[in-house]
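Quick note on the numbering used here: the sequence shown kicks off at 12 and runs consecutively. Only one structure is covered here, and it is reproduced in the block below.
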Amino acid sequence: MTVLDRSLVRLRELDDLFQGRLLTRFATLEAVEEEVLMADLTVGAVLIPGAAAPKLIPRGLLAAMKPGSVLVDVSIDQGGCFETSHPTTHADPTYIIDGVVHYCVANMPGAVARTSTFALNNATLPYILQLADQGAVAALRNDPCLRAGLNIHCGRVTYRAVAEALGYDYLPPEDALAAA
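Pasting the structure below:
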């Protein structure tokens, strides 16, 4: 298994964690192409918060992949990271293009609703408690992680990627909260 990423810090963390049982590579276009052409299974998991996922595998590269290889597009909820991706469902999860099987189920955690609900609750409960204890504005002012999730405040877009994607004016969240 090979993991490609653009974060050298994350690649070093994975190297330390898996102690050679996993290969890591810096994600360049050439590295992606080389790995995809050799792979039996490619999992695309790209997230640019507030924006569409970039298309990492164009149709031409897909056509050169091994017949019967599989693409799993975890980024499908943000538009997908393979040019040939389109959302599917748990009831009809796959389709084939150029001999390559695509699995592009939107809301993949929905297949394990109970487990994913517990995971989501564990991740969000601390923030919910902050909001309840301090009130929204104070909690957002006091916690940079919580503030990083603010998209809209008093009708103004406070998340740069969302503002750019939608063509709206951007107001930094600190400025929006200072006026509140």
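The beta-carbon is built from N, C-alpha and C at its ideal position, and this holds for glycine as well.
In the displayed model, V54 falls within a strand according to three-state DSSP. Rounded to whole angstroms, D26 and D16 show a C-alpha spacing of 12 Å. For D84, the enclosing beta strand (DSSP E) stretches over residues 81-84. Relative to T39, the option among V14, Q145, D186 whose CA is nearest is V14. In the three-state scheme derived from DSSP, where H, G and I count as helix and E and B as strand, Y181 is classed as strand. S127 and V81 have their alpha carbons spaced roughly 24 Å apart. Only residues of its own chain outside the window of five on either side were considered, and among them V168, Y181 have a CB closer than 6 Å to the CB of A174, listed in chain order. About 14 Å separates the Cβ atoms of P98 and I108, ruling out a contact at the 8 Å cut-off. For V112, the uninterrupted beta strand (DSSP E) run begins and ends at 111-114, by DSSP. Per DSSP, reduced to three states, the secondary structure at I59 is coil, with no helix or strand assignment. In the three-state scheme derived from DSSP, where H, G and I count as helix and E and B as strand, Y106 is classed as strand. The residue from Y170, H101, Q89 with its alpha-carbon nearest to that of V123 is H101. Look at the beta carbons and you see the segment 88-95 touching the segment 51-58: at least three pairs across the two are nearer than 8 Å.
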